[in-house]
Every structure is written in C-alpha cells, then in structure tokens.
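At the far end of the sequence shown sits residue 105, using UniProt numbering, and the numbering has no gaps. Glycine included, C-beta positions come from ideal geometry on N, C-alpha and C.
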Amino acid sequence: MDFGKEVRRRREALGLTLEQLAERAGLTPNYIGGIEAGRRDPSLSSILGLAKGLGVPPGELVGGIHDLEPAAIEAARLFQGASEDVQDAVLRLLRAVTRGRRRSG
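Written out as structure tokens, the structure reads:
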C-alpha cells in the first residue's frame with residue numbers, strides 16, 4: 001500500500017480539503033500534498049498527526065485495513081461506539097443477510 005495514496009483516499013472519503021486536514025493534523029497543506037503525491041516521506045510525528053487528523057489509528061495508514069472501502073471503515077467505527085445490544089442486533093442482521101445471499105447465489 002502506498003502511504004500517500006491511503007492518506008488521500010481517506011481525506012477525500014471524509015470530504016476534507018488539504019487545508020482542513022492540515023489544520024487538524026498540525027501540518028501544512030503543502031507538506032501533506034507532497035506526502036499524497038509520493039514526493040515526501042513522512043516522519044513518525046507526521047504519521048501520528050495525519051492519523052489524528054483523519055480520526056484513525058496510525059496503523060491503518062501504514063498497512064492496517066487497507067482493503068476496506070471507506071463505508072466499511074465508517075460502519076466499523078459506528079459499530080464500535082454502539083451499545084452491546086445494538087452490536088448484537090447488527091451482527092444478527094448481517095449474518096441473516098449473508099446467509100440469504102449465499103442461498104440465492
């Protein structure tokens with residue numbers, strides 16, 4: 001996975017401009033643009049700032065759950081913050097939907 005491309009993908013999925021992410025991350029828009037374009041290698045402190053600005057654990061930016069679509073990542077965050085009863089209900093629903101698709105497919 002290319003770090004800069006992942007930062008851009010997540011920034012755009014959140015609807016953030018370079019300027020907005022820069023403000024959240026404590027970096028400059030020009031620096032982040034260079035990272036996204038692959039012209040700059042970020043320091044550890046920059047990776048941590050970008051992760052904070054994007055609202056994700058740093059590991060997700062450096063090879064965590066890169067195969068998931070932005071909607072799946074958002075769903076996981078919402079799920080994690082839900083009560084245990086809601087999580088159980090959502091899991092039952094997803095399992096039922098998945099079983100139904102396997103039978104009909």
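How close, in whole Å, do the beta carbons of Pro70 and Ala13 come, if the pair is a contact with beta carbons under 8 Å? 4 Å
By the 10 Å Cβ neighbour count, where 16 or more other Cβ atoms means buried, how is Glu74 classified, buried or exposed? exposed
Reference Glu41; option with closest CA among Phe3, Val56, Leu78: The residue asked about is misnamed: residue 41 is Asp in this sequence, not Glu. For the residues Phe3, Val56, Leu78, the minimum Cα distance to Asp41 belongs to Phe3.
Under a three-way DSSP split, which group does Ala89 fall into? helix
Is Val62 helix, strand or coil by DSSP? coil
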